[in-house]
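Structure first, commentary second.
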Amino acid sequence: MKKLTYAIAPLFLAIALAGCGGSDSSSNSNQGGADSGNGGADIGNGGSDNGDNGQVEQNVGWDINQWKLTLPISYAYYKEQHGGGNLEDSDKAAELIPADCSGRNELTTDTSLPYFHIDKNNRTHFIVDLGDYGITTTTNSNYARSELRELYKYSSSDRCSSTDQNWAVNDSTNHKLSATLNIEKYPNSNVIGRDPKVVIGQVHGYDIKQALIKLQWEGPNKPIRAIMNNTFLPNNQECSHCKSFSVDLGTAKSATDWSYQIEVNDTGVVLDAAGEKKSFAWGQAIEKTGYSLDPNWKNSSNKFYFKAGIYPQVSPSQSYGEQVFDVSFSKIAIEHK
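Take the sequence shown: its letters are residues -18 to -1, 1 to 319, numbered as in mature numbering (1 follows the signal peptide of the UniProt record, and there is no 0).
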């Protein structure tokens, strides 16, 4: 049985800007969505709502080498605004990867990027301004993100490529992502015309368009939803018979710390968010959904990785000036054991 445990903590970052290696399905296609926005009348920008959002754990530390970061801006815009030597003038979403990737432009930063920084209280902020002039969506997606992607074999394999940075469900290991976070700012639903939906944790398959799990916050008065796909197709194929469905978890107020956990293993899936926990076995009918999780998800040929940060489910627009998601994390921990 393999045992591997690591977590994220604020530190001085030495990371490299590159667009190297691997297709890891970063588009995170909604695949059937279950994603209707109902507008609502909640006012964002942090709010002052408070509540019991489940057990909150304090920061336990992290290592940037275990992740790559996708930014909500293009390589060209990054080069224009922040420098970048001989970076290509590409409109693809820029990525930050560990500094030891040879032949790449190296960036050393004191966590001062407008899209990702660490504050004086050692909280790691992921920020997307929906009206930012330089905002860029990711491939095959209408949405932008400031989001980490796990590099599972960061200590033994090439971190410049995602090809060999993934894990299998049926490897006799329990795979767990735990986080403590705070929705510090979110857009006004009256301005964006829908609920302020943002994905804050994922389990995604390598070269699979359909996400296994997306954990989505939809406002301070709505339950956190776990959006799953009942089945999938390999090799990044579109899938007409794959259906997304969702289950409700706890409710988390803005401007308040709350925690979540996502666990995946050979038995099934365990989800816990804002104090409400649910578990689902592979192939088991999931109450009130009409669906189950296809046991083929755990086939050894399929590989997976965790994602954490923010992936707003709102298309950016120049008309959304000052409509910002700012989500801070005091903990992001991954455990494989």
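Positions of the beta carbon are idealized from the N, C-alpha and C atoms, including for glycine. Bear in mind that the values here come from a model prediction, so they are computed numbers and not experimental data.
Quiz item: For S282, which residues of its own chain have a beta-carbon under 6 angstroms away from its beta-carbon, when the five flanking residues on both sides are left out?
Solution: Here residue 282 corresponds to residue number 300 of the sequence shown, with the count starting at 1. For S282, where only same-chain residues beyond five positions count, the Cβ hits under 6 angstroms are A150, N152.
Self-check item: Whole runs of the beta strand (DSSP E) within the region 189 to 275, excluding any shorter than 3 residues
Solution: Taken in chain order, the unbroken stretches of beta strand (DSSP E) that lie wholly in the region 189 to 275 and span 3 residues or more are 195 to 199, 205 to 211, 226 to 233, 240 to 246, 250 to 255, 258 to 263.
Quiz item: Quick one: what's got a C-beta closer than 7 angstroms to Q305's C-beta in the same chain, skipping five residues either side?
Solution: The sequence position of residue 305 within the sequence shown is 323, counting from 1. Cβ within range, chain order: L112, G113, P169, N170, V173, I174.
Quiz item: By Cβ distance below 6 angstroms, which residues in the same chain neighbour Q40 in space, the five residues on each side in sequence not counted?
Solution: Position 58 of the sequence shown holds residue 40. Only weak support is given to the placement of Q40: the predicted model assigns it a pLDDT of 38, under 50, and the value that follows is read from those uncertain coordinates. Contacts found: none.
Exercise. Out of E220, P202, S222, C221, state which residue places its alpha-carbon closest to the alpha-carbon of G232.
Key: On the sequence shown, residue 232 is found 250 positions in, with the first residue counted as 1. Taking only the C-alpha atoms, the option nearest G232 is P202.
Quiz prompt | Unbroken beta strand (DSSP E) run spanning I174, endpoints | solution = Residue mapping note: residue 174 aligns to position 192 of the sequence shown, counting from 1. Where I174 is concerned, there is no enclosing beta strand (DSSP E), although the alpha helix (DSSP H) it sits in stretches over 171 to 174.
Quiz item: Is the region 294 to 303 touching the region 157 to 164, taking contact as three or more C-beta pairs under 8 angstroms?
Solution: no
Quiz item: Are F227 and N247 closer than 8 angstroms when you measure CB to CB?
Solution: If you number the sequence shown from 1, residue 227 lands on position 245. If you number the sequence shown from 1, residue 247 lands on position 265. Taking 8 angstroms as the Cβ cut-off, F227 and N247 do not qualify as a contacting pair.
Exercise. Let me know if H186 comes out buried or exposed under the rule of 16 or more other beta-carbons within 10 Å of its beta-carbon.
Key: For the purposes of this step, residue 186 is taken as the residue at position 204 of the sequence shown. When all chains shown are included, H186 counts as buried.
Quiz item: How about E70 and T52: do their beta carbons lie closer than 8 angstroms?
Solution: Mapped onto the sequence shown, residue 70 falls at position 88. Mapped onto the sequence shown, residue 52 falls at position 70. No, these two residues do not count as a Cβ contact at 8 angstroms.
Exercise. In the DSSP assignment, find the alpha helix (DSSP H) that holds residue 320 and state where it starts and stops.
Key: Because the chain is modelled from -18 through 319, residue 320 falls outside the range shown and cannot be assessed.
Quiz item: For S261 versus V252, is the C-beta spacing smaller than 8 angstroms?
Solution: As a first step, residue 261 must be located in the sequence shown, where it is residue number 279. As a first step, residue 252 must be located in the sequence shown, where it is residue number 270. Yes, the pair counts as a contact, with Cβ atoms nearer than the cut-off.
Quiz prompt | Beta-carbon separation (whole angstroms), T120 vs A75, contact threshold 8 angstroms | solution = Translated into positions along the sequence shown, residue 120 becomes position 138. Translated into positions along the sequence shown, residue 75 becomes position 93. So it is a contact: roughly 5 angstroms between Cβ atoms.
Exercise. Determine the burial state of S222: buried for a count of at least 16 other Cβ atoms within 10 Å of its Cβ, exposed for fewer.
Key: Indexing the sequence shown from 1 puts residue 222 at position 240. Per the 10 Å Cβ criterion, exposed.
Quiz prompt | Cut-off 8 angstroms between Cβ atoms - residues of its own chain near D101, not counting five sequence neighbours on either side | solution = By one-based count along the sequence shown, residue 101 stands at place 119. Cβ neighbours of D101 within its own chain (closer than 8 angstroms, five residues either side excluded): H107, S310.
Quiz item: In or out: N164 buried (at least 16 other Cβ within 10 Å) or exposed?
Solution: Position 182 of the sequence shown, counting from 1, holds the residue named residue 164. With 16 or more other Cβ atoms within 10 Å, it is buried.
Quiz prompt | Reduced DSSP category for K280 - H, G, I as helix; E, B as strand; rest coil | solution = Sequence index remark: in the sequence shown, residue 280 carries index 298 (1-based). K280 falls in the helix class under three-state DSSP.
Self-check item: Neighbourhood of G291 by C-beta, 6 angstroms cutoff - its chain only, sequence neighbours within 5 removed
Solution: Here residue 291 is taken as the residue at index 309 of the sequence shown, counted from 1. The answer, listed in chain order, is F108, S128, E129, L130.
Quiz item: Which term fits K191, buried or exposed, when burial requires 16 or more other beta carbons within 10 angstroms of its beta carbon?
Solution: Reading the sequence shown from its first residue, position 209 is the one you call residue 191. By the 10 Å Cβ count, K191 comes out buried.
Quiz prompt | CA nearest to the CA of S56, picked from P96, L95, I117 | solution = Within the sequence shown, the letter at position 74 stands for residue 56. Of the listed residues, the one whose Cα sits closest to S56 is I117.
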